[in-house]
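Numbering (my numbering), first residue to last: 14 to 745. First the structure, in the form of structure tokens, and then the observations on it.
In structure tokens:
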């Protein structure tokens with residue numbers, strides 16, 4: 014069964030290929046007659062976070078495309094195959110506790126076709142490739158913990174599995190690795206496990222034959238690895254009783270001797286052999302609680318140089334691959350319980366960028382490298398019946414989804430270079446970070462920046478005025494904390510400030526020319542406003558208290574003279590306006606609307622006259638929802654007689670004001686959660702009535718904006734409330 018290129022690429026990062034030039038490398042001390050020697054790691058390099066005034070520009074190079082597929086629930090593990098010998102990778106899903114399996118045909122563009130439901134002849138715990146001298150995969154090795162067996166699997170062109178041969182054990186295998194230990198072109202099986210007797214080699218002969226390497230102990234992890242640089246696979250295995258990583262050298266004929274060991278203070282897991290720094294020497298990768306360890310190989314075979322990467326979450330499974338296609342090997346890991354995926358990109362040969370949390374689900378059960386024709390990525394499995402693919406984004410098309418951290422709470426745009434290529438910023442509320450995705454000249458997200466926040470904020474304002482220097486204002490309505498992150502992309506520096514409003518924030522605006530930040534707040538049922546000014550990195554404040562008592566909501570406008578609009582919660586609604594810097598009341602309007610409505614205000618230059626106007630949204634469970642407009646020359650109330658279904662604005666992230674097409678007028682847009690649609694809200698007939706028009710439907714938004722994300726058209730960019738990703742959809 015000849016294997017095509019997708020799985021050859023996968024093997025590159027799952028097993029280090031034996032090369033002829035490796036056979037010529039010096040074997041330090043030879044291969045035989047070694048006495049077991051216990052050694053300690055001499056060099057420990059601990060990766061620390063960068064200092065607070067500099068930041069890391071992590072090159073993701075478009076590795077952010079997100080796809081989700083529905084499969085049958087109940088499967089805990091999966092493997093990439095190519096049973097139909099085409100150019101696309103197929104997938105096999107199985108559960109070690111049962112004999113059901115699903116095979117999924119791979120199609121072009123990272124999609125999938127036919128689903129085949131099959132039965133395994135016995136439950137399978139793990140599957141590994143078997144390859145011939147031409148480096149083609151011809152069959153698959155497996156172990157079954159429940160049946161205490163190992164064997165050889167083959168697959169039909171429709172993904173139906175069949176057992177060719179098997180061998181039984183009297184203890185329970187948990188781990189499987191494959192390698193050609195004697196150079197005859199036929200790979201052997203290495204079997205181990207915490208409840209397995211020692212280490213076993215299984216040879217492929219007329220019948221499968223077991224050979225014990227060591228007995229009367231147990232190894233939770235064991236892998237083939239060329240530890241002494243002679244071109245033949247040795248064994249690295251972790252003994253659970255002593256917490257020691259033991260090295261077994263191969264004499265080139267498949268006979269193994271234990272020659273040294275490294276002690277650990279606690280158990281390790283996810284042991285892998287790979288070549289992370291691409292120096293042609295085998296490295297050992299493992300996890301230990303909330304950290305990843307890398308023991309680097311060298312020409313002396315000492316494995317003394319070790320890098321420890323502290324991680325945000327506990328580690329259940331690690332994979333490696335060049336995900337951002339920069340020629341360096343990166344690391345990805347999942348935490349199954351928290352359902353998180355994190356990536357740690359390689360910075361150079363032995364240094365890494367800070368960890369990026371790519372996504373969070375209710376649970377994740379497995380992760381694999383995923384390569385198919387034109388696809389370079391990661392696949393993740395959720396036993397609830399979801400398959401997730403993350404891969405490289407080629408272009409901003411009609412509709413695309415990108416990853417956006419564990420739990421995005423707000424999304425906005427900025428323009429790093431002021432070159433009309435709009436970049437993305439979002440808040441990850443779960444990890445309390447502000448994240449920036451800058452885009453290349455071709456419009457593809459090329460770099461990811463992440464800055465810590467103190468709170469779980471859900472709104473972002475951006476001051477875009479200065480080229481290459483941007484200010485991001487993060488806050489949460491009804492709280493007091495305002496977090497400001499100023500980023501200088503030229504000097505590669507940032508500063509972070511925390512401001513506090515005297516009361517609960519109702520609205521915030523920034524005046525771009527001056528950089529002043531205005532906040533309207535309510536304290537003790539009384540409206541106030543505060544202005545923050547920045548001088549040489551230090552903020553001063555000027556507070557205007559006691560503007561009006563009994564205020565239910567407020568909205569700011571800074572188009573001309575900064576002013577605040579407000580509504581009261583008396584027997585009927587009073588709508589007022591005050592010019593802040595002059596601290597004088599401008600106007601009040603009283604309307605006969607009962608006060609049992611939830612009121613949300615939104616202010617801006619809606620008439621495009623460089624003058625402030627106000628939209629107000631009144632929502633009620635028992636009555637019709639209303640909307641009113643207050644402009645310089647008009648006051649309109651819509652919905653008193655005609656019901657406005659679904660117009661419940663509880664969060665100002667449901668609203669957006671901006672242009673919807675090139676050189677077009679800016680409009681107010683609102684998200685209707687009941688109808689899952691975005692509509693425009695405008696005045697008509699000489700500002701005598703309010704009209705609503707459907708802009709786009711079938712969305713489930715937590716926060717959104719509208720902007721041109723390519724040179725051809727405008728897009729709605731929103732946080733998908735179900736998938737916790739950022740969706741980009743073209744407006745037709």
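Glycine residues also receive a C-beta, built at the ideal position from the N, C-alpha and C atoms.
- Its chain contains 88, 91, 115 as the residues whose beta carbon lies nearer than 6 Å to that of residue 106, once the 5 sequence neighbours on both sides are disregarded; these appear in chain order.
- Comparing alpha-carbon positions, the option among 723, 223, 717 lying closest to residue 740 turns out to be 717.
- Boundaries of the beta strand (DSSP E) around residue 690: 690-697.
- In this structure, the CA atom of residue 206 is about 30 Å from the CA atom of residue 312.
- Separation of the CB atoms of residue 277 and residue 270 is rounded to 22 Å, and the pair is thereby denied contact status at 8 Å.
- The three-state secondary structure of residue 701, taken from DSSP, is coil.
- In terms of Cα proximity to residue 435, the closest of 689, 254, 483 is 483.
- Assignment of beta-bridge partners to residue 630 by DSSP yields 613, 640.
- Ranked by Cα distance from residue 446, the first of 256, 473, 681, 339 is 473.
- Distance from the Cα of residue 743 is smallest, within the candidate group 468, 727, 197, 227, for 727.
- Ranking 119, 209, 342, 528 by CA distance to the CA of residue 549 puts 528 first.
- Distance between residue 444 and residue 419, taken at the CA atoms: about 7 Å.
- Non-local C-beta neighbours of residue 224 in its own chain, meaning closer than 6 Å and more than five positions away in sequence, comprise 214, ordered along the chain.
- In this structure residue 177 is exposed. Its beta-carbon is surrounded by fewer than 16 other beta-carbon atoms within 10 angstroms.
- A distance below 7 Å between beta-carbons, with the five flanking residues on each side excluded, links residue 559 to the following residues of its chain, in chain order: 539, 541.
- Assigned with DSSP and collapsed to three states, residue 78 falls in strand.
- By DSSP's assignment, residue 85 forms no beta bridge with any residue.
- The DSSP assignment places 90-94, 103-107 as complete runs of the beta strand (DSSP E) inside the region 88-118, in order along the chain (cut-off: 3 residues).
- Residue 173 is not bridged by DSSP to any residue.
- Contact fails between the region 250-261 and the region 326-337, because fewer than three Cβ pairs, one in each stretch, are under 8 Å apart.
- When only Cα atoms are considered, residue 82 and residue 409 end up about 20 Å apart.
- With the rule of 3 Cβ pairs closer than 8 Å, the region 69-79 counts as touching the region 359-369.
- Note that the region 394-402 does not touch the region 702-714; fewer than 3 beta-carbon pairs, one per stretch, sit closer than 8 Å.
- Residue 119 is classed as buried because its beta carbon has at least 16 other beta carbons within 10 Å across all chains shown.
- Measuring C-alpha to C-alpha distances from residue 487 to each of 126, 442, 97, 536 identifies 442 as the nearest.
- In the DSSP assignment, residue 483 falls within the beta strand (DSSP E) that extends over 482-488.
- With contacts defined as CB atoms closer than 8 Å, residue 375 and residue 294 fail to qualify as a contacting pair.
- A straight line joining the alpha-carbon of residue 181 with that of residue 201 spans about 16 Å.
- Residue range 125-132 is occupied by the beta strand (DSSP E) that includes residue 129.
- Straight-line measurement puts the Cα of residue 641 at about 6 Å from the Cα of residue 628.
- In the DSSP assignment, residue 390 forms a beta bridge with 383, 404.
- Closest by C-alpha distance to residue 299, out of 285, 252, 251, is 285.
- Going by C-alpha positions, residue 153 is about 49 Å away from residue 690.
- The criterion of a C-beta distance shorter than 8 Å is not satisfied by residue 422 and residue 496.
- For residue 738, no beta strand (DSSP E) run applies, since DSSP gives it neither H nor E.
- The beta carbons of residue 388 and residue 414 sit no closer together than 8 Å.
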